[in-house]
Structures are given as structure tokens and as C-alpha cells.
Amino acid sequence: MTWPPFIDLLLATSLVAVAWAALAVRALFAAAVLFITFGLLLAIAWVRLAAPDVALAEAAIGAGLTGALLVDAIGRLAAADRER
Amino acid sequence: MLHRLLTAAALAALGAAFFAALDAPPPAATPLADAALARLPDSGVSSPVTAVLLNFRAYDTLLEVAVLLLALASVWALRIPAPPSPWPPASPVVATAARRLTPALLLIGAYLVWIGADAPGGAFQGGALLGASVVLLVVTGAAPPARPLPLRLALVAGLLVFALAGLAGPLLGRPYLTWPPSLAKPFILLVEVFATLSIALTLAALFVGVPPERPDPGAPR
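Protein sequences appear in the order of chains A and B. Here the first sequence is numbered in this note's numbering, starting from 49 and rising by one per residue. Here the second sequence is numbered in this note's numbering, starting from 91 and rising by one per residue.
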């Protein structure tokens, strides 16, 4: 199966767009979800660059664990706000 | 309506990308890759990436394991006050999903470490997955409270075993952190198993952020 060039282009532009959206969006939870999306897209990019080992690490650590950390931090911030 | 159709189209393209990415072409060869591939039979593994990480450039990987431990030590040194009740009780759906997922995650994590000898995978990828499964148990309240000493021993085991296994080189008249070709596979496996344990627990401990409390001296263990 060949890889049409426009999908590479779509991947590259999506990475920049999602990265921008993650930084620009005001809602913290949406930013965290966009960050996880960015990590998954980046994992595909690594596979496209023929680095599946890096892709696995990016998906597990970049998207998974860091995403969980961000969502957890938002939960704690909300809890701290409620106490105040 | 158009918005949803566009979203569906984008998701379909993403799904197609996932499957197509699995058939990615092999990388272009470079002189360095040729040199590594030429010595692959001596490395004890057939995956070039693992051969470089745990044999040809084992020193880099040893320091990576050390850096991870140093990061955890730094976070613990911040002495962030432990929140009184860190995680609210998980909903039954989430708690059940976490319980059902854990055996599968353990299996996939162990598989990634084992397959790392021949295909993409290895201690970092397997350890990250196992670490994520520990995080899942922690946030759903299913993880037993960690005992400080065993946890600390498991956290340093990866670095300790790696550094001690490297002594086999000088003992056999070879440079530090080199494996004799006939014993390379067992050495790599030994180092990877303990590195995986330490990486998984270090990542989970970094997520939790506070060191486990010392048990009361008077309390029964």
C-alpha cells in the first residue's frame, strides 16, 4: 500500500494546527485533550519517519502519561478552587 | 451538519493514516547504520535499535536510566505537601474498566519488552506502558499503599543491575558495559527486565509526585 503525499501534508499541517490550538484554547481541559491529540499525531509522524520505537515511546509517555498528568492537575486545580 | 461531516472525514483520514503508517518504507541507509548492521550478529539481538541502545551504545542508555531516577529524586526533594485525599472515588465504570484493563496492560508491557529483541519495543516502551497501568490503579484507588523501602529498592534496581552487569566487561578483559557476544542476549535481557521495572515505577512515582509515607515506627507492619 503506497502512502499518498497529501496525507503526509495533512499530518504535518494538523500537527502545527493542533499544537497552536492547544496553546491558544482558553479552556484548560480542552487544552489537555488537544495536547493528547498532538501526541498521537506526533506518534504517527514518527512512524512515517520510520522510527516506530520513538513512536511507541511518544504514544505511551508523551500522549498517555503526560496527558494523564495534565488531566490530573486540572482536577486538582478545580478541587482547590471549590475549597476556596 | 457540515461540521460533523468534516469531522468524520478527518477522523476517517486519521484512521487510514494509522493503518497506512504500519506499512512505512524502510529508512534510507547511512554509513553509521551500515556499521551497526554489520555487527548486528554479535549484539545478541536482531532489532538494530535494541542492539544500539543496549549493546553498542549501552553507556547512553545507562545514563538515561540514571537521568530518570534523578528526575524522581528532584521531584521528591521539592517536598510537595501530600493532598489529604488525592483522588476522589472512581465511578464504578472507571474502576471496573481499570481492573479489567490491568491484566491486558501487564501482558502487552511484558510483550513489548520481550519483542524488543527482534522488533520495535523494549524496556522504555514496555516500562512506560506498565507505568501507565500503575497510574491507572493509583487514580482508581486500587493500588495498595507503597512500602517505602521495597519501592526505593525497585526504583534503583534498573540502574544498579545495569551498572553492575557492565562490570562483566572488565572482568572478562573487555571495556566497561560491553557484553561478550556469546552471552550478549542473557545480559541484555537481565538489564532490560530490571530497567523495565524501575522505569515503570519511576514514571508512576513521578505521576504521584510525593514519596510514600514511612510507616509509624510503633505500628505493626
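We put the beta carbon where it would ideally sit given N, CA and C, even for glycine. Nothing here was measured: the structure is a model prediction, and the numbers come from that model.
*If the cut is a Cβ gap below 7 Å, which residues of chain B does L59/A touch?*
A107
*Proximal chain A residues relative to P210/B, where beta-carbon distance stays under 7 Å*: P100, D101 and L104
*If we cut at 7 Å on Cβ distances, does A108/A have a partner in chain B?*
True, the Cβ-Cβ gap to chain B drops below 7 Å.
_Segment contact flag, the segment 237 to 252 of chain B with the segment 281 to 293 of chain B, C-beta cutoff 8 Å, min 3 pairs_ = yes
*My understanding is that L71/A touches R96/A, with C-beta atoms under 8 Å, so please give their C-beta distance in whole angstroms.*
About 23 Å; that fails the 8 Å criterion.
_At least 3 beta-carbon pairs within less than 8 Å: the segment 98 to 112 of chain A vs the segment 62 to 79 of chain A_ = no
_C-beta neighbour in chain B for L118/A, strict 7 Å_ = Chain B, which has no Cβ nearer than 7 Å to the Cβ of L118/A, makes this no.
*asked:* Using a Cβ distance threshold of 8 Å, determine whether the segment 146 to 162 of chain B contacts the segment 281 to 300 of chain B, with at least three qualifying pairs required.
replied: At 8 Å Cβ cutoff, the stretches touch.
_Which of the three DSSP states is assigned to S137/B in this structure?_
coil
*C-alpha gap between L158/B and P182/B, whole angstroms*: 34 Å
*Does the Cβ-Cβ distance between P302/B and L241/B come in under 7 Å?*
yes
*Evaluate P210/B with the Cβ neighbour count: other Cβ atoms within 10 Å of its Cβ, from every protein chain shown; 16 or more gives buried, anything less gives exposed.*
buried
*How is W94/A classed by DSSP in three states: helix, strand or coil?*
helix
*Shorter than 7 Å from the beta carbon of I92/A to some beta carbon of chain B?*
Taking a beta-carbon distance threshold of 7 Å, I92/A counts as an interface residue toward chain B.
*asked:* Judging by CA-CA distance, which residue of P235/B, G263/B and L287/B is the nearest neighbour of A222/B?
replied: L287/B
*Grab the span of the alpha helix (DSSP H) containing L158/B for me, first residue to last.*
A148 to A167
*asked:* So for D124/B, helix, strand or coil by DSSP?
replied: helix
_Rounded distance between the beta-carbons of I55/A and A107/B, thought under 8 Å_ = Contact holds; Cβ gap of about 6 Å.
*What does a CB cutoff of less than 8 Å around L296/B pick up in its chain, not counting 5 residues either side in sequence?*
A161, L162 and V165
*CB contact flag (L220/B, A290/B, <7 Å)*: Going by C-beta atoms, L220/B is nearer than 7 Å to A290/B.
*Boundaries (first-last residue) of the alpha helix (DSSP H) holding G299/B*: From DSSP, G299/B is part of no alpha helix (DSSP H); its letter is neither H nor E.
_Top-ranked residue by Cα proximity to F146/B, from V298/B, T268/B and K275/B_ = If we check each option's Cα against that of F146/B, T268/B comes out closest.
*Measure the Cβ-Cβ separation of V298/B and T230/B and say whether it is below 7 Å.*
no
_Minimum length 3: unbroken beta strand (DSSP E) runs contained in the segment 233 to 299 of chain B_ = none
*Output, in sequence order along the chain, the residues in the segment 219 to 249 of chain B whose CB is closer than 9 Å to any CB in chain A.*
Across the segment 219 to 249 of chain B, CB contacts with chain A closer than 9 Å involve L219, G221, A222, V225, L226 and V229, in sequence order along the chain.
*Between which two residues does the alpha helix (DSSP H) harbouring V73/A extend?*
Looking at the DSSP string, V73/A is not in any alpha helix (DSSP H), and its letter there is neither H nor E.
*Helix or strand or just coil, what does DSSP make of M49/A?*
Legend: pLDDT at M49/A = 49, less than 50; position of this residue unreliable, value from coordinates given subsequently. For M49/A, the three-state secondary structure derived from DSSP is coil.
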